[in-house]
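According to the numbering used here, the sequence shown is numbered sequentially starting from 2.
Idealized CB from N, CA, C, for every residue including glycine.
Only a predicted model underlies this, so the values are computations on that prediction, with no experimental measurement involved.
Beneath this line is the structure, given in structure tokens, with notes to follow.
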Amino acid sequence: MTMMTPQPLDQQEDEEMLVPHSDLVEGPQPLVEGPQPMEVAPADNDNTGSVENQGNEEPQASRFTWTIENFSRLNMKKLYSDVFTVGSYKWRVLIFPKGNNVDFLSMYLDVADSATLPYGWSRYAQFSLAVVNQMHNKLTVKKDTQHQFNQRESDWGFTSFMPLSDLYDPNKGYLMNDTCLVEADVAVRKVIDYWAYDSKKETGYVGLKNQGATCYMNSLLQTLYHIPYFRKAVYHMPTTENDIPTGSIPLALQSLFYKLQYNDTSVATKELTKSFGWDTYDSFMQHDVQELNRVLCEKLEDKMKGTVVEGTIQKLFEGHHMNYIECINVDFKSTRKESFYDLQLDVKGCKDVYASFDKYVEVECLEGDNKYHAEEHGLQDAKKGVLFIDFPPVLQLQLKRFEYDFMRDTMVKINDRYEFPLELDLDRDNGKYLSPDADRSVRNLYTLHSVLVHSGGVHGGHYYAFIRPTLTDQWYKFDDERVTKEDVKRALEEQYGGEEELPQTNPGYNNTPFKFTKYSNAYMLVYIRVSDKDKIICDVDEKDIAEHLRIRLKKEQEEKEDKRRYKAQAHLYTIIKVARDEDLREQIGKDIYFDLVDHDKVRNFRIQKQMPFNLFKEEVAKELGIPVQFQRFWIWAKRQNHTYRPNRPLTPQEEAQTVGTLREVSNKAHNAELKLFLEVERGPDLQLVPPPEKIKEDILLFFKLYDPHKEELRYVGRLFVKSTGKPLEILMKLNELAGFASDQEIELFEEIKFEPSVMCERLDKRASFRFSQIEDGDIICFQKWPPPETDEQVRFPDVLSYLEYVKNRQIVHFRALERPKDDEFCLELAKNHTYDDVVERVAQHLSLDDPSKIRLTPHNCYSQQPKPNPIKYRSVDHLIDMLVHYNQISDILYYEVLDIPLPELQCLKTLKVAFHHATKDEATILNIRLPKPSTVGDVLNEIKTKVELSQPNAELRLLEVFYHKIYKIFPTHEKIENINDQYWTLRAEEIPEEEKNLGQHDRLIHVYHFTKETAQNQVQVQNFGEPFFLVIHEGETLAEVKARIQKKLQVPDEEFSKWKFAFLSLGRPEYLEDSDIVSTRFQRRDVYGAWEQYLGLEHSDTTPKRSYNASQNRHTFEKPVKIYN
């Protein structure tokens, strides 16, 4: 499920409902209840805690009536009803006759036997509780809710059920003869356990997996799949066995549809999105479903051309309408026929689908200034409109739930109530939607096939679909991986949107109902023409599927089944990884440099844990051609210094044990693998010989040879040595292994460890191995000696310097900061390079003389973007510190070439200032760079040197502007170091002469432009444009102030006459008349904080809308859907 917006209010419970009772809540309760301790709504991710997640099985329901006599004389704090049974569960009602620490009757439904139920019990019920009005039944107080009851919350209900004053008032009718009647209606549903729920078993259908934010695509694909004629056409698109699903949309769609038809579990869509040419990022972008529908159908239409199914998309989805303009006073008519695959219907201002169609064909009159130019007849009064020539068999209605709001310069979601019928008659009112050319013999009666729903806001949310695949009364909800049975009410009425009323019962407040907007509503409807129903809801079976596709998909299915079985039986098996000399020879110096082998790349065997190890040896003999008598297995051990070496041979006793027992001995970790080294000895003629007997004195050593000229390290073999022996004694043997002359002088080094740093020490050739603490599994590196001189040919003369290089080398991809997507060049650096080393190498590559002019910025591995802050001069010790991002190491750095050295720049503060000229409209954007201790006065002096002033001695000021309001005038002595220009706009302007000489009774006020808009039944003020200051004089009327404002802003009379003027305080407009004295409203002299009071100019915002830049929060659907292949 994709949920990018908070849970909307309509999906939450009425606040005062969400209350398990608690005896622990003491003290006065708040009048307006919020969730209190122990009064917590079910978590959003509790899959069984909302109605939506319940199965559609008929709930078992029952009503219980409780007659409580002598009610007003009850003196206990709480009272339980008798136990009653619903759905084989025991329940009772719990009341607090005098309230649970509130002045209300408190009433709950309680699980009667909760104390004796087994651990982990859970049950779900929808229920209502009522106090019956015994005078007028319609005044009965009734409240309903639903809850997942469990050990922690074994009762649930209403702390503030009804005011005690109403209950005990003898004239209100709730107590008659001091008797109170309580009714409980309880319906128990079977709880769906999300993890154990089997969609196929419960419904016969399977869902689609969500790749991150692809629920919008899943709902569309399920809808298309459940149009059998469409599915059949997709199956008949020609594909071959050589096609690859990720590179072929037809094959990927065939594969997806086949799996939806025959799989038992949910289906992945990765193959399909890859065939679209999408990367992972596209899968995490939520797109517009309507756009995806069009793009996908266009793509399929194109791919179907020249095949047996050419024209299917048009046959199913294409309709035609006629645009016409008809003159009223002369005989002239212009018509144009157009095709459509879907219709965009207005939601705003329309109560239902029929109202939208009425609006669609509404006639517009072209008259007055808007007359129609009718060729030879000149300008004429005319009627303009649209009528339908024909409707398609499958009618796709896109509901305009998302609209661009010009006032707010953003997209908004329309959550208004909008009804749609189960049967849609487009021939209604004598065919008023049809053009004169329409074929009236075709009956345009449609039945609803699917409802695609969006739950959430404009910047994201969740998509799912209600579909009735065979047009019976049974609906299904397709919600990503889960499919559930639903009733017609859930699919239709509950998706109309609009508002939900919840009564407010708190005393001291007016009793108007609370209204909550429902954020889940239909945004696309699919109707199927009744007369075409049998053709479209046709049978699709295996014979419709190409043989190569059946074979391929069955094979895939079998492989998947094998993997599942493999996984299910994993606990019965052990993986044995066997490393041999051949692996060491193959890997050392290529894949690895330290230790001996990468165990993931050696031969592995999957062996039953019960198999005796001796039998496993026979398996090895068969597989590797090494008879059992020539095999000796060594067990590997992890040393304290984190190296991993062969430690000792297996004993005969161990080899007699089972593989499972041996694995436990070698590695305590659960399900760990058994790693072994297979020692195989060969005689002088390379024939296999039995391994020599190993006594305690014998040590097995491994040898690597280093060549400084080739910069090459390779494995040359292993030898047994005596612990009392000395390296001198094996020099000739090592020269033979290396292919050197027998008297070649060589130097030996022990490779000790490589984490966290390399430790490789020279071995004393004259000391015994025991003295040098050499043991089984140790690695000796050797090379010719003396080493060559370090020069351009030889960078690493000895094995230690080479291993250091290998350990620390790092390829870094450098990108210019202004082009953060493109690699410019790569450099091989070392992780332990200092800051200076790195910038020096970059400067060298860029042929730049001064490395201090290079500024680097690290990479964010998650967003794949530069981090917001560059690296300060010498603020990191090593290259590795520049590359680390949390627990990941990046290989990307961004660079800039500065115009001054970075240490100098860091002592300066750069401010972006918009300078507003006294007489010119356009603002000039300036980048002011000054030393950090500078003041605002220094900034203004610097600006004076860069701009043209209206007069040489003009005074300037610096303002902080945010969301079209002035928040601050900066004092000239304020230090610039702490001024933030990232979020606020800094504006510099000349101070007008009139402001310099304020009279005693003059006021300097804020003047802002604004528009009004209504959102969720509330009027909101929206500011726009450039705010400014204005001096108002004592006794000055609005008419006089208006004249000065018009002159200042140079607004034409016609436009200015439409402007309204208002005094605004805390966002509430109070409109002014021309005769009003403006100064009486503005009594405060100070400017600071005065932004909460301002003179507002109300008029439409005609300024051109800015295009979004990268840093703005964009409307999620703005990125177009593209299918690249």
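| said: Extract the residue ranges of the alpha helix (DSSP H) inside the region 612-681, only unbroken runs of 4 or more that lie entirely within it. | reply: 614-625, 653-656, 660-667
| task | Specify, as a first and last residue, the run of the alpha helix (DSSP H) that TYR361 falls within. | result | Counted from its first residue, the sequence shown places residue 361 at position 360. Here the alpha helix (DSSP H) through TYR361 covers 354-361.
| task | Using beta-carbon positions only, say whether LEU894 and HIS917 come within less than 8 Å of one another. | result | Position 893 of the sequence shown, counted from the start, is the residue given in the question as residue 894. Position 916 of the sequence shown, counted from the start, is the residue given in the question as residue 917. No, the Cβ-Cβ distance between LEU894 and HIS917 is not below 8 Å.
| said: On the DSSP bridge list, what partners appear for ARG958? | reply: For the purposes of this step, residue 958 is taken as the residue at position 957 of the sequence shown. According to DSSP, which records beta bridges pairwise, ARG958 is partnered with GLU990.
| message | So for HIS378, helix, strand or coil by DSSP? | response | Here the question's residue 378 lines up with position 377 in the sequence shown. Looking at HIS378 - three-state DSSP - the assignment turns out to be helix.
| request: Evaluate GLY457 with the Cβ neighbour count: other Cβ atoms within 10 Å of its Cβ, from every protein chain shown; 16 or more gives buried, anything less gives exposed. | output: The sequence position of residue 457 within the sequence shown is 456, counting from 1. Burial call: buried.
| query | Would you report the Cα separation of ARG402 and MET177, rounded to the nearest angstrom? | reply | On the sequence shown, residue 402 is found 401 positions in, with the first residue counted as 1. On the sequence shown, residue 177 is found 176 positions in, with the first residue counted as 1. The alpha-carbon atoms of ARG402 and MET177 are separated by roughly 51 Å.
| message | Comparing C-alpha positions only, which one of ALA622, GLU624, LYS618 sits nearest to THR659? | response | Translated into positions along the sequence shown, residue 659 becomes position 658. Answer by Cα proximity: LYS618.
| task | Measure the C-alpha to C-alpha separation of LYS868 and ILE855 and round it to an integer number of angstroms. | result | Locating residue 868 in the sequence shown gives position 867, counting from the first residue. Locating residue 855 in the sequence shown gives position 854, counting from the first residue. Taking the CA atoms as reference points, LYS868 sits about 17 Å from ILE855.
| field | Other residues of its chain near GLY726: CB distance less than 7 Å, five sequence neighbours each side excluded | value | By 1-based counting over the sequence shown, the position of residue 726 is 725. SER769, PHE770, listed in sequence order.
| query | If you drop the 5 nearest sequence neighbours on each side, which residues of the same chain put their C-beta closer than 7 Å to that of HIS814? | reply | In the sequence shown, residue 814 corresponds to position 813, counting from 1. Hits under 7 Å: ASP824, CYS827, ASP892, ILE893.
| message | With the cut-off set at 8 Å, would you say LEU252 and THR240 are in Cβ contact? | response | Locating residue 252 in the sequence shown gives position 251, where the first residue counts as 1. Locating residue 240 in the sequence shown gives position 239, where the first residue counts as 1. Yes, the pair counts as a contact, with Cβ atoms nearer than the cut-off.
| message | Quick check for students: name the residue ranges of the alpha helix (DSSP H) that lie wholly in the region 126-208, counting only runs of 4 or more. | response | You should have 165-169, 200-204.
| query | Relative to the alpha-carbon of ARG295, which residue among PHE341, SER276, TYR259 has its alpha-carbon at the smallest distance? | reply | To locate residue 295, count along the sequence shown from 1; it is residue 294. Out of PHE341, SER276, TYR259, PHE341 has the C-alpha closest to the C-alpha of ARG295.
| message | Using DSSP's beta-bridge definition, name the partner residues of THR575. | response | For the purposes of this step, residue 575 is identified with residue 574 of the sequence shown, where counting begins at 1. Its beta-bridge partners are ILE608.
| Selected residue, minimal CA-CA separation from PRO164, among GLY158, SER107, ASP114 | As a first step, residue 164 must be located in the sequence shown, where it is residue number 163. Here the closest residue by C-alpha is SER107.
| said: With H, G and I counted as helix, E and B as strand and the rest as coil, what does DSSP make of MET238? | reply: What you label residue 238 is simply residue 237 of the sequence shown in a count that begins at 1. Three-state DSSP puts MET238 in coil, outside helix and strand.
| query | Excluding five sequence neighbours on each side, which residues of the same chain lie with their C-beta closer than 6 Å to the C-beta of PHE150? | reply | Position 149 of the sequence shown, counting from 1, holds the residue named residue 150. If we look at PHE150 and ignore the five residues flanking it on each side, its Cβ neighbours are VAL112, ARG124.
| DSSP state of ASN736, grouped into three classes? | Along the sequence shown, read from residue 1 onward, the residue named residue 736 stands at position 735. It is helical.
| What is the DSSP secondary structure of PRO859, counted as helix, strand or coil? | Along the sequence shown, one-based indexing puts residue 859 at 858. PRO859: strand per DSSP, three-state reduction.
| field | For SER155, the nearest candidate out of VAL133, ASP545, LEU118 (CA to CA) | value | Along the sequence shown, read from residue 1 onward, the residue named residue 155 stands at position 154. For SER155, the nearest C-alpha among the options comes from LEU118.
| request: Spatial neighbours of LEU677 within its chain, please: CB distance less than 6 Å, with the 5 preceding and 5 following residues excluded, ordered by chain position. | output: The sequence position of residue 677 within the sequence shown is 676, counting from 1. Here the set comprises VAL579, PHE634.
| Considering only residues of the same chain and omitting the five flanking positions on each side of LEU931, which have a CB-CB separation below 7 Å? | Position 930 of the sequence shown, counting from 1, holds the residue named residue 931. Only LEU909, LYS910, ASP939, VAL940, GLU943, ILE977 meet the Cβ criterion.
| task | Classify ARG530 as helix, strand or coil using the three-state DSSP reduction. | result | Counted from its first residue, the sequence shown places residue 530 at position 529. Collapsing the DSSP output to three states places ARG530 in a strand.
| ILE753 versus ASN648 - alpha carbon distance | Locating residue 753 in the sequence shown gives position 752, where the first residue counts as 1. Locating residue 648 in the sequence shown gives position 647, where the first residue counts as 1. Cα to Cα, the separation comes out at about 15 Å.
| field | CA-to-CA distance, MET238 to LEU1160, given in whole angstroms | value | There is simply no residue 1160 to check, as the chain begins at 2 and stops at 1126 in what is shown.
| field | Limits of the alpha helix (DSSP H) - the one that ASP838 falls within | value | The count along the sequence shown starts at 1 and reaches residue 838 at position 837. That run of the alpha helix (DSSP H) goes 836-846.
| Local conformation of HIS1010 per DSSP, three classes | Along the sequence shown, one-based indexing puts residue 1010 at 1009. Of the three classes helix, strand and coil, the one that applies to HIS1010 here is strand, per DSSP.
| message | With DSSP as the reference, identify every bridge partner of ASP347, one or two as the case may be. | response | Taking the sequence shown and counting its residues from 1, the one referred to as residue 347 is at position 346. ASP347 pairs with LYS401.
| Nearest neighbour of ASN431, chosen from PRO422, ARG418, ASN445 [CA to CA] | In the sequence shown, the residue the question calls residue 431 occupies position 430. Of PRO422, ARG418, ASN445, the residue nearest in Cα terms is ASN445.
| Separation of SER951 from ALA919, as counted between CA atoms | For the purposes of this step, residue 919 is taken as the residue at position 918 of the sequence shown. For the purposes of this step, residue 951 is taken as the residue at position 950 of the sequence shown. Rounded to the nearest angstrom, the two C-alpha atoms are 7 Å apart.
| Does the separation of the CB atoms of ARG74 and SER82 fall below 8 Å? | Here residue 74 refers to the residue found at position 73 of the sequence shown. Here residue 82 refers to the residue found at position 81 of the sequence shown. In this structure, SER82 does not lie closer than 8 Å to ARG74 by Cβ.
| In whole angstroms, what separates the C-alpha of LYS1123 from that of THR274? | The residue given as residue 1123 occupies position 1122 in the sequence shown. The residue given as residue 274 occupies position 273 in the sequence shown. Low per-residue confidence applies at LYS1123: pLDDT is 49, beneath 50, and the placement is therefore not dependable, though the value from the model is reported in the following sentence. Approximately 11 Å between the Cα atoms of the pair.
| Close beta carbons around LEU261, own chain, < 7 Å, minus the five adjacent residues each side | Working through the sequence shown from its first residue, we reach residue 261 at position 260. Answer for LEU261: VAL207, TYR226, VAL268, listed in chain order.
| field | Cβ shell of GLY174 (< 7 Å), same chain only, five flanking positions each side left out | value | For this step, residue 174 is matched to residue 173 along the sequence shown. Here the set comprises ASN134, GLN135, MET136, HIS137, LEU140.
| request: Identify the continuous beta strand (DSSP E) that holds CYS366 and give its terminal residues. | output: Here residue 366 refers to the residue found at position 365 of the sequence shown. Residues 365-367.
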